[in-house]
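Asker: Protein chains in written order, with numbering that gives the first Met the number 0: chain A, 0 to 269; chain B, 0 to 386. I'd like to ask you about the structure that follows.
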Amino acid sequence: MCGAKAPVFLAKGTYLVALLKLESLHVALEDGTEIVKGVDLEVGLDEVHAIMGPNGSGKSTLSYAIMGHPAYAITEGRIVFDGEDVTEMGADERAQRGLFLAFQYPHAIPGVTVTNFLRSAINAVRKARSGKDDPMPIPEFRKELLGQMDRLKVSRELASRYLNDGFSGGEKKRVEILQMAMLKPRIAVLDETDSGLDIDALRVVASGVNELVGPEMGALVITHYQRILDYITPDHVHVFVGGRIVESGGPELAKKLEAGGYAPYEEVLA
Amino acid sequence: MSRPEALAAYEALPLPDTSEEHWRFTDLAGFDPDTRTYPGGQTPAMSEGAMVDLDVAGFATVTAEGITIERAPEGITFAPLPEDHERLYSLVGWDEKFAAHNAAMWTNGLLVVVPKGVVLEKPLYVRISATGRTFWRLVVVAEEGARASLVEEYASPAPDTAGYSNAVTELFVEPNAKLEYVSLQNLSTETWHFASHHARVERDAELDWVAGGFGSKRGKTRIQNDLNGRGATSRVTGAYFADGEQHLDYDTFQEHIAPDCTSDFAFKGALRDHATAVWRGMIRVEKDAQKTNAYQECRNLMLSPTTHAVPIPGLEILANDVRCTHGATVGRVDREQLFYLMARGLPRYEAERLIVRGFFQEVLDRIELEPVRDAVTAALEARIPQA
Ligand SMILES: Nc1ncnc2c1ncn2[C@@H]1O[C@H](COP(=O)(O)OP(=O)(O)O)[C@@H](O)[C@H]1O
Ligand SMILES: [Mg+2]
């Protein structure tokens, strides 16, 4: 480790600079409709933030904007990642820097196997980071892939299937987490990864996330339901209604939401 | 002697123009099949740079000057095509302008006869180098119960070689025989290419055909399969890629004459820049061809908004107990797929590459000969834009 910069470890959640910062973020659709109406949020390593909001409140829009989807325009504010303004960057550059989005609705890529896709993605990230071709040796890749698949209880048979093509809802979500485990991002945004999972699958997925959260990774868990938070304990909970964070608090806020629902917040906004 | 007859037919037939239905999308303006001004005479090193890396049983090269049989396997005919061979012109005659031109002018031909029951383990390979005007003719007879594979590759000595290539292939797949025929067209983008490839498949015989279209400027490739004996099967797998100002034209015809036959044509193509493609498919089921099972599809992927693809499926069914299906699509790279891949760190061009590879995978999977599959894959990959 000679010469390497040692990270500054303080108490959990108190890194000097948050890795991901959303500053007064506004996001509009292509027709100009504003969906996200000013979000401020800081997510650091070793932290789990939960964003909880009802359907249609703009959670996926926020996730896409963080990842750089071209159809979701940032009309105001900015996104800072590791001290760098990434607001104008493409999704590829954000991913190469260590941002990850687990999609609510992962897309199928017919003709491209999970293995081939993951190897291409890993090597693209390695190349971007080292500035030269530096592919992961195939035996190492295989060992890592099979190990992660077993850990996440993803059937090995899926490795040679076409990405998300004909996968069940649960398989797709697990493969999203598999991708996260393989790519080892620094901040992972999980957009309703819990929806459509049965309890067993939810446990597996949650433990997959829990294993990665730590000094190397922080997570932003986006959800409609409180259920996933029984398995992934958040440090911070944000209630997200009508494109805004309307209340922030600790894990107890999730319990309050479970009891009272979003209605009281929506009434205030109405 | 048929040559003068063919020449007369050629001279009598007008150069097709876009007022003819089959040439509606392929404009030959600026092309003169009689011009002799193409630079010719280069003799490229033909053994070099073959597309397919194969351990072959026989190898022949063709140039404007002649055909060279570099290696011929024992026990079969793999030789220059005699002008008076009995099978000549029985499938492709001279009722069409370019077929007539070939019939009148061809000098370098190859005859392949795989005798009854002979199984050829290794493929045969013929490489055609088109310079100037090249009239190439191939006759293949797979006699009863024979099995063989033949790879035919069209190439130009240089990427800017101008030329006119006119090819005719007549394939005879006799009862119970199996023939694999691979035709890879990788001509320069300054070459006009016209081809008529016609096969007749007899009782319980099987024809497995791969058509790869990567090069040429403009022209037309006609592919016809006659399912002529009960239980015959033909399968044609096509993959094409055009860019720049290229225009590809495939005219395919599945002619079901006998009952209980299967034909399955699947083409996929990608287009970039200002490239255009037209694909016309026709399944005709004659009235005695009951229990026909015929399929045709052509799917196109536009990689630039300035490309244009016209797939035109067609059915003409005279029998009443048949199963015929077809599909034709023109699509673009899906923006959501692209974002999904880029969100994993793949730069745009690499994401696009993966999607394009994925698009072709289905047709690549149909190619049985692994070296051919690899060669077609490599040819496609080479064309997908880099950074
Ligand atoms: N691509 C899109 N095109 C049109 N409307 C969209 C698009 N994406 C989101 N919306 C709209 O924006 C609003 C918020 O959607 P979304 O971000 O998906 O909410 P959530 O994820 O919280 O359910 C909804 O009214 C939805 O219909
Ligand atoms: Mg959503």
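Even glycine gets a Cβ: it sits at the ideal position worked out from N, Cα and C. Note that the structure is predicted; figures quoted are calculated from it, not measured.
Does any residue of chain B bring its CB to less than 8 Å from the CB of A:Met66?
Answerer: The residue labelled residue 66 of chain A in the question sits at position 67 within the first sequence. Yes, A:Met66 lies at the interface with chain B (some Cβ there is under 8 Å from its Cβ).
Asker: Please list the residues of the region 337 to 359 of chain B that have a C-beta atom closer than 8 Å to any C-beta atom in chain D, keeping them in chain order.
Answerer: You won't find chain D in this structure, because its protein chains are A and B.
Asker: Does the beta carbon of B:Glu380 come closer than 8 Å to any beta carbon on chain A?
Answerer: The residue labelled residue 380 of chain B in the question sits at position 381 within the second sequence. With 8 Å as the cut-off, B:Glu380 does not count as an interface residue toward chain A.
Asker: Put B:Val375 into one of helix, strand or coil per three-state DSSP.
Answerer: As a first step, residue 375 of chain B is located in the second sequence; it is residue number 376 there, counting from the start. Here B:Val375 sits in helix by DSSP.
Asker: Rounded to whole angstroms, what is the Cα-Cα separation between B:Ser155 and B:Ala194?
Answerer: Within the second sequence, residue 155 of chain B is the residue found at index 156, counting from 1. Within the second sequence, residue 194 of chain B is the residue found at index 195, counting from 1. Approximately 16 Å, taken between the alpha carbons.
Asker: Would you identify the three-state DSSP class for A:Met135, choosing helix, strand or coil?
Answerer: Residue mapping note: residue 135 of chain A aligns to position 136 of the first sequence, counting from 1. Residue state, collapsed to three classes: coil.
Asker: Taking the CB atoms as reference points, tell me whether A:Phe116 and A:Asp190 lie closer together than 8 Å.
Answerer: Here residue 116 of chain A refers to the residue found at position 117 when the first sequence is read from its first residue. Here residue 190 of chain A refers to the residue found at position 191 when the first sequence is read from its first residue. Cβ atoms of A:Phe116 and A:Asp190: not closer than 8 Å.
Asker: Who pairs with B:Trp390 in a beta bridge, going by DSSP?
Answerer: Since the first and last residues shown for chain B are 0 and 386, residue 390 of chain B lies out of range.
Asker: Assign B:Tyr348 to buried or exposed, taking buried as 16 or more other Cβ atoms, counted over all protein chains shown, within 10 Å of its Cβ.
Answerer: As a working mapping, residue 348 of chain B is identified with position 349 in the second sequence. With fewer than 16 Cβ atoms within 10 Å of its Cβ, B:Tyr348 is classed as exposed.
Asker: If we ignore side chains and look at the alpha-carbon of each, how far apart do A:Ile221 and B:Lys216 end up?
Answerer: Against the first sequence, residue 221 of chain A aligns to sequence position 222. Against the second sequence, residue 216 of chain B aligns to sequence position 217. Between A:Ile221 and B:Lys216, the C-alpha separation is close to 53 Å.
Asker: DSSP three-state call for A:Lys36: helix, strand or coil?
Answerer: In the first sequence, counting from the first residue as 1, residue 36 of chain A sits at position 37. A:Lys36 falls in the strand class under three-state DSSP.
Asker: What do you get for B:Val118, buried or exposed, if any count of 16 or more other CB atoms within 10 angstroms of its CB means buried?
Answerer: Translated into positions along the second sequence, residue 118 of chain B becomes position 119. Answer is exposed; the Cβ neighbour count stays below 16.
Asker: Mapping the DSSP letters down to three states, classify B:Val321 as helix, strand or coil.
Answerer: Taking the second sequence and counting its residues from 1, one reaches residue 321 of chain B at position 322. B:Val321: coil per DSSP, three-state reduction.
Asker: Which whole-angstrom value is the C-beta distance of B:Val125 and B:Leu109, which I expect to be below 8 Å?
Answerer: Start at 1 with the first residue of the second sequence, and residue 125 of chain B comes out as number 126. Start at 1 with the first residue of the second sequence, and residue 109 of chain B comes out as number 110. Going by Cβ atoms, the distance from B:Val125 to B:Leu109 rounds to 6 Å, so yes, they are a contact pair.
Asker: Starting from A:His106, trace the alpha helix (DSSP H) in both directions and tell me its first and last residue.
Answerer: Reading the first sequence from its first residue, position 107 is the one you call residue 106 of chain A. Per DSSP, A:His106 is not a residue of any alpha helix (DSSP H), being assigned neither H nor E.
Asker: Measure from the alpha carbon of A:Leu18 to the alpha carbon of each residue in A:Leu24, A:Gly97, A:Ala90, A:Ala72, then state which is nearest.
Answerer: Position 19 of the first sequence, counting from 1, holds the residue named residue 18 of chain A. Minimum Cα distance to A:Leu18 is reached at A:Gly97.
Asker: Can you tell me whether DSSP reads A:Gly263 as helix, strand or coil?
Answerer: By one-based count along the first sequence, residue 263 of chain A stands at place 264. Looking at the sequence shown, residue 263 of chain A is not Gly but Pro. Helix, per DSSP.
Asker: So which residues of chain B does A:Phe116 contact, with C-beta pairs closer than 8 Å?
Answerer: Taking the first residue of the first sequence as position 1, residue 116 of chain A is located at position 117. Within chain B, Leu340, Arg343, Leu353 have C-beta atoms less than 8 Å from the C-beta of A:Phe116, given in sequence order.
Asker: Could you tell me the alpha carbon to alpha carbon distance between A:Arg226 and A:Ile176, rounded to whole angstroms?
Answerer: As a position in the first sequence, residue 226 of chain A is number 227, starting the count at 1. As a position in the first sequence, residue 176 of chain A is number 177, starting the count at 1. Their Cα atoms are separated by approximately 18 Å.
Asker: Identify, in the order they occur along the chain, each residue of the same chain with its Cβ nearer than 6 Å to the Cβ of B:Glu244, setting aside the five sequence neighbours on each side.
Answerer: Counted from its first residue, the second sequence places residue 244 of chain B at position 245. The answer, listed in chain order, is His273.
Asker: I'd like the span of the beta strand (DSSP E) that includes B:Phe1, first residue to last.
Answerer: As a working mapping, residue 1 of chain B is identified with position 2 in the second sequence. According to the sequence displayed, residue 1 of chain B carries Ser and not Phe. No beta strand (DSSP E) holds B:Ser1; DSSP gives it neither H nor E.
Asker: Measuring only between beta-carbons, confirm whether B:Glu20 sits less than 8 Å from chain A.
Answerer: On the second sequence, residue 20 of chain B is found 21 positions in, with the first residue counted as 1. Not an interface residue.
Asker: Which residues, in order along the region 168 to 193 of chain B, keep a beta-carbon less than 9 Å from a beta-carbon of chain A?
Answerer: none
Asker: Could you pull out every residue in the same chain whose Cβ sits closer than 6 Å to the Cβ of A:Arg125, ignoring the five residues on either side in sequence?
Answerer: As a first step, residue 125 of chain A must be located in the first sequence, where it is residue number 126. Correct list, in chain order: Asp133.
Asker: Examine chain B for any beta-carbon lying closer than 8 Å to the beta-carbon of A:Ser119, and answer yes or no.
Answerer: As a position in the first sequence, residue 119 of chain A is number 120, starting the count at 1. It does: the Cβ of A:Ser119 has a partner Cβ on chain B nearer than 8 Å.
Asker: My output table needs one value for B:Ala99: the three-state DSSP class, helix, strand or coil.
Answerer: In the second sequence, counting from the first residue as 1, residue 99 of chain B sits at position 100. B:Ala99 falls in the helix class under three-state DSSP.
Asker: Tell me whether A:Lys58, by its Cβ, gets closer than 7 Å to a heavy atom of ligand 2.
Answerer: In the first sequence, counting from the first residue as 1, residue 58 of chain A sits at position 59. At least one heavy atom of ligand 2 is nearer than 7 Å to the Cβ of A:Lys58, so yes.
Asker: Tell me where the alpha helix (DSSP H) around B:Ser233 begins and ends.
Answerer: In the second sequence, counting from the first residue as 1, residue 233 of chain B sits at position 234. First-last for B:Ser233: 232 to 241, but that is the beta strand (DSSP E), not the alpha helix (DSSP H).
Asker: Using a Cβ-Cβ cutoff of less than 7 Å, which residues in the same chain neighbour B:Ala342 once the five nearest sequence positions on both sides are dropped?
Answerer: For the purposes of this step, residue 342 of chain B is taken as the residue at position 343 of the second sequence. For B:Ala342, where only same-chain residues beyond five positions count, there are no Cβ hits under 7 Å.
Asker: Quick check on this structure: which residue in A:Leu28, A:Leu24, A:Val47 has the alpha carbon closest to the alpha carbon of A:Val38?
Answerer: The sequence position of residue 38 of chain A within the first sequence is 39, counting from 1. The residue with the shortest Cα to Cα distance from A:Val38 is A:Leu24.
Asker: Enumerate in chain order the residues of its own chain whose CB-to-CB distance from A:Met148 is below 6 Å, with the five nearest sequence positions on each side excluded.
Answerer: Stepping through the first sequence from its first residue, residue 148 of chain A is reached at position 149. Hits under 6 Å: Arg155.
Asker: Would B:Lys219 be called buried (16 or more neighbouring beta carbons within 10 Å of its own) or exposed?
Answerer: Here residue 219 of chain B refers to the residue found at position 220 of the second sequence. Answer is buried; the Cβ neighbour count reaches 16.
Asker: Express the C-alpha separation of A:Arg185 and A:Phe80 in angstroms, rounding to a whole number.
Answerer: Here residue 80 of chain A refers to the residue found at position 81 when the first sequence is read from its first residue. Here residue 185 of chain A refers to the residue found at position 186 when the first sequence is read from its first residue. For A:Phe80 and A:Arg185, the distance between alpha carbons rounds to 10 Å.
Asker: Would A:Asp45 and A:Gly217 qualify as a contact pair, given that the criterion is a beta-carbon distance under 8 Å?
Answerer: Taking the first residue of the first sequence as position 1, residue 45 of chain A is located at position 46. Taking the first residue of the first sequence as position 1, residue 217 of chain A is located at position 218. It is a contact, given that the beta carbons lie within the stated cut-off.
Asker: Since B:Phe389 sits in a beta bridge, which residues does DSSP pair it with?
Answerer: Because chain B spans 0 through 386 in this model, residue 389 of chain B falls outside it and cannot be assessed.
Asker: Would you please verify whether the beta carbon of B:Glu82 is less than 8 Å from any beta carbon of chain A?
Answerer: Locating residue 82 of chain B in the second sequence gives position 83, where the first residue counts as 1. No, because no Cβ of chain A sits closer than 8 Å to the Cβ of B:Glu82.
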